[in-house]
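A.B. asks:
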Amino acid sequence: MFPFGQKGQKIKGTMVVMQKNVLDINSITSVGGIVDQGLGFIGSAVDALTFAATKISIQLISATKADGGKGKIGKSTNLRGKITLPTLGAGEQAYDVNFEWDSDFGIPGAFYIKNFMQNEFYLKSLILEDIPNHGTIHFVCNSWVYNSKNYKTDRIFFANNTYLPSETPAPLLKYREEELKNVRGDGTGERKEWDRIYDYDVYNDLGNPDSGDKYARPVLGGSALPYPRRGRTGRGKTRKDPNSEKPSDFVYLPRDEAFGHLKSSDFLAYGIKSVSQDVLPVLTDAFDGNILSLEFDNFAEVRKLYEGGVTLPTNFLSKIAPIPVIKEIFRTDGEQFLKYPPPKVMQVDKSAWMTDEEFARETIAGLNPNVIKIIEEFPLSSKLDTQAYGDHTCIIAKEHLEPNLGGLTVEQAIQNKKLFILDHHDYLIPYLRKINANTTKTYATRTIFFLKDDGTLTPLAIELSKPHPQGEEYGPVSEVYVPASEGVEAYIWLLAKAYVVVNDACYHQIISHWLSTHAIVEPFVIATNRQLSVVHPIYKLLFPHYRDTMNINSLARKALVNADGIIEKTFLWGRYSMEMSAVIYKDWVFTDQALPNDLVKRGVAVKDPSAPHGVRLLIEDYPYASDGLEIWDAIKSWVQEYVSFYYKSDEELQKDPELQAWWKELVEVGHGDLKDKPWWQKMQTREELVEASAILIWIASALHAAVNFGQYPYGGLILNRPTISRRFMPEKGF
61 MFPFGQKGQK
71 IKGTMVVMQK
81 NVLDINSITS
91 VGGIVDQGLG
101 FIGSAVDALT
111 FAATKISIQL
121 ISATKADGGK
131 GKIGKSTNLR
141 GKITLPTLGA
151 GEQAYDVNFE
161 WDSDFGIPGA
171 FYIKNFMQNE
181 FYLKSLILED
191 IPNHGTIHFV
201 CNSWVYNSKN
211 YKTDRIFFAN
221 NTYLPSETPA
231 PLLKYREEEL
241 KNVRGDGTGE
251 RKEWDRIYDY
261 DVYNDLGNPD
271 SGDKYARPVL
281 GGSALPYPRR
291 GRTGRGKTRK
301 DPNSEKPSDF
311 VYLPRDEAFG
321 HLKSSDFLAY
331 GIKSVSQDVL
341 PVLTDAFDGN
351 ILSLEFDNFA
361 EVRKLYEGGV
371 TLPTNFLSKI
381 APIPVIKEIF
391 RTDGEQFLKY
401 PPPKVMQVDK
411 SAWMTDEEFA
421 RETIAGLNPN
431 VIKIIEEFPL
441 SSKLDTQAYG
451 DHTCIIAKEH
461 LEPNLGGLTV
471 EQAIQNKKLF
481 ILDHHDYLIP
491 YLRKINANTT
501 KTYATRTIFF
511 LKDDGTLTPL
521 AIELSKPHPQ
531 GEEYGPVSEV
541 YVPASEGVEA
551 YIWLLAKAYV
561 VVNDACYHQI
571 ISHWLSTHAI
581 VEPFVIATNR
591 QLSVVHPIYK
601 LLFPHYRDTM
611 NINSLARKAL
621 VNADGIIEKT
631 FLWGRYSMEM
641 SAVIYKDWVF
651 TDQALPNDLV
661 KRGVAVKDPS
671 APHGVRLLIE
681 DYPYASDGLE
691 IWDAIKSWVQ
701 EYVSFYYKSD
711 EELQKDPELQ
721 AWWKELVEVG
731 HGDLKDKPWW
741 QKMQTREELV
751 EASAILIWIA
761 SALHAAVNFG
771 QYPYGGLILN
781 RPTISRRFMP
791 EKGF
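The sequence shown: position 189 = 249 (the numbering used here), numbered continuously.
1) May I ask you to verify whether the region 233-247 touches the region 588-598, counting CB pairs closer than 8 Å and requiring at least 3?
2) Could you pull out every unbroken alpha helix (DSSP H) segment of at least 4 residues lying fully inside the region 627-676, listed in chain order?
3) Using the beta-carbon count (16 or more within 10 Å), is TYR223 buried or exposed?
4) Let's see if you can read the secondary structure: which residues bound the beta strand (DSSP E) around ALA504?
5) Whole angstroms are fine: how far does the CA of LYS696 sit from the CA of LYS661?
6) Quick check on DSSP: helix, strand or coil for ARG746?
7) Along the chain, where does the alpha helix (DSSP H) containing TRP698 start, and where does it finish?
8) Thinking C-alpha only, which one of LEU120, ASN268, GLY169 and LYS132 is nearest LYS618?
9) For HIS460 and LEU520, which I take to be in contact (beta-carbon distance under 8 Å), what is that distance rounded to the nearest angstrom?
10) Which value, in whole angstroms, describes the spacing of the CA atoms of LEU233 and THR196?
11) For the candidate residues PHE705, GLN700 and ALA721, whose alpha-carbon lies nearest to that of VAL750?
12) Tell me whether the region 274-287 and the region 620-635 touch, counting them as touching only if at least three CB pairs, one residue from each stretch, are closer than 8 Å.
13) Under a Cβ-count criterion, where at least 16 other Cβ atoms within 10 Å of its own Cβ denotes burial, should THR248 be classed as buried or exposed?
14) Within 10 angstroms of the Cβ of ARG787, are there 16 or more other Cβ atoms? Answer buried if so, exposed if not.
15) Touching or not, the region 201-221 and the region 568-582, by the rule of three or more beta carbon pairs under 8 Å?
16) How many Å lie between ASP164 and GLU711 at the Cα?
17) Suppose the cutoff is 6 Å on Cβ atoms and the five residues either side in sequence are ignored; what does the same chain contact list for LYS458 look like?
18) Cα-Cα, which of VAL595, TYR206, PRO302 and VAL560 is closest to ARG236?
19) Buried or exposed, going by whether 16 or more other CB atoms sit within 10 Å of the CB of ILE143?
20) Identify the residues that DSSP records as bridge partners of LEU482: which are they?
21) Considering only the beta carbon of each residue, do PHE176 and LEU120 sit closer than 8 Å?
22) With 16 as the cutoff for other CB atoms within 10 Å, does LEU145 come out buried or exposed?
23) What would DSSP say about THR415, mapped onto helix, strand or coil?
24) Please state the DSSP three-state secondary structure of HIS198.
25) Can you tell me whether ASN158 is helix, strand or coil according to DSSP?
26) Check whether the region 181-191 and the region 69-78 are in contact - that is, three or more C-beta pairs closer than 8 Å.
27) From what residue to what residue does the beta strand (DSSP E) around VAL561 run?
28) Comparing C-alpha positions only, which one of GLY291, GLU791, ASP255 and VAL262 sits nearest to ARG315?
29) Under a three-way DSSP split, which group does ASP246 fall into?
30) Are the region 643-663 and the region 302-315 in contact at 8 Å, needing three or more beta carbon pairs?
31) Please report how far the alpha carbon of ALA123 lies from the alpha carbon of PRO669, in whole angstroms.
32) Going along the chain, which residues of its own chain have a beta-carbon closer than 6 Å to the beta-carbon of HIS605, five neighbours each way excluded?
33) Could you check how far apart the C-beta atoms of SER593 and GLU718 are, in whole angstroms? I think they sit under 8 Å.
34) Could you give the distance in angstroms between the alpha-carbon of LEU139 and the alpha-carbon of ARG244?
35) Below 8 Å on the Cβ atoms is my contact criterion, and I expect ALA126 with LYS132 to pass it. Report the Cβ-Cβ distance as a whole number of Å.
36) To which residues does DSSP link SER260 through a beta bridge?
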């Protein structure tokens with residue numbers, strides 16, 4: 061250890077911290093959690109950061125002066141006293157700290173910190189001021205620091221500088237390498253709350269076979285059911301299935317992946333209403349069974365959610381929890397509890413969801429706007445194995461379409477790129493018989509749309525297909541429905557559209573949302589933290605777009621996509637939801653996630669060098685595509701400039717050991733089930749890095765926003781986005 065000179069100058073420092081939040085969002089995932097742990101939260105607030113200055117010690121590490129091949133380590137110093145700053149946010153506290161310094165120490169580039177308190181605290185930043193011949197140094201930390209006994213090595217934080225490995229100051233290089241090694245761990249043992257280790261595992265924690273066959277689920281990840289990897293927890297295996305991980309109330313994720321303090325209270329306030337289905341067991345006695353029964357009896361009951369809400373008995377709070385915030389959410393003054401704001405789709409016209417215009421519009425501007433594709437052949441064929449499933453050629457005929465093609469034949473409409481399809485058929489057929497064996501009853505669907513001269517889409521026909529009663533090899537039993545505006549036929553047409561929307565809602569939530577923007581991204585988060593130092597430029601480029609991904613995924617595995625979780629209870633695919641997502645993942649292509657590539661592949665755009673974004677939309681009024689291309693170009697141009705700034709040549713990129721290890725591990729481990737696919741970038745050029753980074757940022761930001769933030773505006777009205785159907789289409793004479 062290098063002692064500071066006794067006669068040296070003083071370096072003034074300011075550290076900003078936050079206490080452990082009394083409303084830690086990871087402990088509030090259910091009403092049961094609130095009840096069981098509420099008093100514990102309140103108690104933990106007592107041991108806040110009213111600590112003595114001796115409870116936290118800091119040692120500076122030199123970036124310019126070495127001792128034994130590593131940067132010199134300064135003398136340990138403690139926080140001095142609490143100070144007031146005008147820039148402090150809610151819950152933040154600032155402390156003064158002084159370091160002794162002389163010229164033999166050089167310029168600080170990192171620091172060690174030790175916490176001797178019982179509770180953890182959130183370290184936001186450290187600023188060092190008036191460093192001779194240098195000025196101010198910022199350390200942006202944003203990390204939880206636990207008692208030092210919980211760590212095998214001291215916690216280290218680096219100054220807010222950016223270095224490629226080859227450009228790292230020599231005294232800091234070993235610290236950089238050691239920190240990455242610490243974060244990778246050794247792949248053994250059960251992870252603890254305070255761990256910061258990132259590692260991979262398969263999805264073997266969705267079920268619980270020890271609770272019965274009803275709760276057993278297949279392992280996702282491997283040759284049979286390929287899947288992206290999740291974060292490893294190291295929990296023990298179940299008794300009945302040694303390949304399945306035993307569920308537990310605590311689900312490990314690296315501590316800094318948890319929701320931030322500022323987001324916690326908002327998540328709680330809005331979250332309890334949005335997941336009201338999860339609090340049904342506690343609310344049962346409070347309601348008469350109408351609004352919150354398993355089914356709505358009529359449209360009026362649905363509308364009551366937005367017009368009147370549900371009143372609670374005045375003694376209801378005693379059954380919930382003694383926490384003040386609960387009193388705000390579960391009101392006990394006779395006012396409405398479950399009164400929701402009217403979703404956007406019904407604010408202007410409560411019946412808009414019933415129209416063909418809105419039905420078609422939502423395929424390009426709704427919750428699932430990236431599935432519709434062009435029709436290039438007729439009749440529509442199937443890729444299903446005919447020996448196993450029979451002939452699944454679409455039975456929609458010219459006679460169904462041409463009366464509404466404005467004088468065009470089907471061939472002319474295809475040639476003019478006027479026909480499009482929303483196809484929920486092939487992927488659903490292998491599971492449809494099993495899905496219909498339960499209380500759910502539904503169809504595989506194909507929906508054909510026509511692009512009119514005014515630039516809008518209109519539905520022309522819907523094919524509903526169900527399994528043949530004699531067996532799969534006999535092909536489907538299919539019926540075709542066409543638009544009608546009067547009489548019984550109008551209601552039959554409305555029902556046909558409802559079956560389409562049920563399929564689209566399931567595909568949206570499980571594939572477009574969960575798989576394509578959550579599960580897909582988690583291996584990138586893990587690989588980035590394991591292989592790229594926090595001072596690596598690509599780490600800093602990607603890190604902001606990972607925020608909360610692992611935490612949300614962890615909570616989802618616990619209550620959303622798990623066996624008998626919310627998805628299985630409320631979506632048509634039920635217990636087969638995650639298994640079906642694994643089957644669909646087999647055909648996932650990373651490079652196709654780039655928006656221009658996706659649009660061209662689906663045939664809704666064609667390559668055109670003269671167009672503003674290099675592609676020309678066939679549906680000009682396509683909000684997801686037209687707005688998305690603006691965002692895509694902004695992302696890619698920013699990434700292009702950023703990468704070019706740090707890598708002056710392709711050779712520099714090829715010789716970057718962290719970057720090469722990152723991409724190799726991401727492909728071969730994180731998405732290892734698809735590692736042999738030829739479309740992966742080889743990561744030998746700057747353009748490949750630009751493309752990969754832009755795609756990843758697009759997925760985690762704009763694409764996720766497109767399929768996530770419309771959930772209440774469109775899905776908040778269950779009539780507009782039903783997720784389950786329990787009866788087949790009525791038959792004539794019955």
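From the three backbone atoms N, C-alpha and C, an ideal C-beta is built for every residue, glycine too.
C.D. replies: Let me spell this out:
1) yes
2) 637-645 and 655-661
3) For the purposes of this step, residue 223 is taken as the residue at position 163 of the sequence shown. Buried, since its Cβ has 16 or more Cβ neighbours within 10 Å.
4) Within the sequence shown, the letter at position 444 stands for residue 504. 504-511 is the span of the beta strand (DSSP E), which, as asked, contains ALA504.
5) Counting from 1 along the sequence shown, the entry for residue 661 is found at position 601. Counting from 1 along the sequence shown, the entry for residue 696 is found at position 636. Cα-Cα distance, rounded: 19 Å.
6) Numbered from its first residue, the sequence shown carries residue 746 at position 686. Here ARG746 sits in helix by DSSP.
7) Sequence index remark: in the sequence shown, residue 698 carries index 638 (1-based). Unbroken alpha helix (DSSP H) run through TRP698: 683-706.
8) By 1-based counting over the sequence shown, the position of residue 618 is 558. Checking every option, the nearest Cα to that of LYS618 belongs to ASN268.
9) In the sequence shown, residue 460 corresponds to position 400, counting from 1. In the sequence shown, residue 520 corresponds to position 460, counting from 1. With 8 Å as the limit, HIS460 and LEU520 qualify as a contact, their Cβ atoms being about 7 Å apart.
10) Along the sequence shown, one-based indexing puts residue 233 at 173. Along the sequence shown, one-based indexing puts residue 196 at 136. Roughly 22 Å separates the two Cα atoms.
11) Within the sequence shown, the letter at position 690 stands for residue 750. Ranking PHE705, GLN700 and ALA721 by Cα distance to VAL750 puts GLN700 first.
12) yes
13) Here residue 248 refers to the residue found at position 188 of the sequence shown. So THR248 counts as exposed.
14) By 1-based counting over the sequence shown, the position of residue 787 is 727. ARG787 is exposed by the Cβ-count criterion.
15) no
16) For this step, residue 164 is matched to residue 104 along the sequence shown. For this step, residue 711 is matched to residue 651 along the sequence shown. Each residue's alpha carbon lies about 37 Å from the other.
17) On the sequence shown, position 398 is the one that residue 458 refers to. Excluding positions up to five away in sequence, the list reads VAL470.
18) The residue you call residue 236 lines up with position 176 of the sequence shown. The shortest C-alpha separation from ARG236 is found at VAL595.
19) Along the sequence shown, read from residue 1 onward, the residue named residue 143 stands at position 83. Result: exposed.
20) Position 422 of the sequence shown, counted from the start, is the residue given in the question as residue 482. Per DSSP, THR507.
21) Walking along the sequence shown from the start, residue 176 turns up at place 116. Walking along the sequence shown from the start, residue 120 turns up at place 60. Cβ atoms of PHE176 and LEU120: not closer than 8 Å.
22) Reading the sequence shown from its first residue, position 85 is the one you call residue 145. Answer is exposed; the Cβ neighbour count stays below 16.
23) Within the sequence shown, residue 415 is the residue found at index 355, counting from 1. DSSP places THR415 in coil when its eight states are reduced to three.
24) Reading the sequence shown from its first residue, position 138 is the one you call residue 198. In this structure, HIS198 counts as strand in the three-state DSSP scheme.
25) Your numbering for residue 158 matches position 98 in the sequence shown. Three-state result, ASN158: strand.
26) yes
27) The residue given as residue 561 occupies position 501 in the sequence shown. Unbroken run through VAL561 is the alpha helix (DSSP H), 547-567; no beta strand (DSSP E).
28) The sequence position of residue 315 within the sequence shown is 255, counting from 1. Minimum Cα distance to ARG315 is reached at ASP255.
29) The count along the sequence shown starts at 1 and reaches residue 246 at position 186. Coil, per DSSP.
30) no
31) Within the sequence shown, the letter at position 63 stands for residue 123. Within the sequence shown, the letter at position 609 stands for residue 669. Cα-Cα distance, rounded: 49 Å.
32) Counting from one through the sequence shown, the residue named residue 605 turns up at place 545. Closer than 6 Å at the Cβ level, and outside the excluded window around HIS605, lie ILE757, ALA760 and SER761.
33) Position 533 of the sequence shown, counted from the first residue, corresponds to residue 593. Position 658 of the sequence shown, counted from the first residue, corresponds to residue 718. Right, their Cβ atoms sit about 6 Å apart.
34) Sequence index remark: in the sequence shown, residue 139 carries index 79 (1-based). Sequence index remark: in the sequence shown, residue 244 carries index 184 (1-based). Spanning the two alpha carbons is a distance of roughly 31 Å.
35) The residue you call residue 126 lines up with position 66 of the sequence shown. The residue you call residue 132 lines up with position 72 of the sequence shown. Confirmed, about 7 Å.
36) Position 200 of the sequence shown, counted from the first residue, corresponds to residue 260. The sequence as given places Tyr at residue 260; Ser does not occur at that position. Paired residue(s): GLY291.
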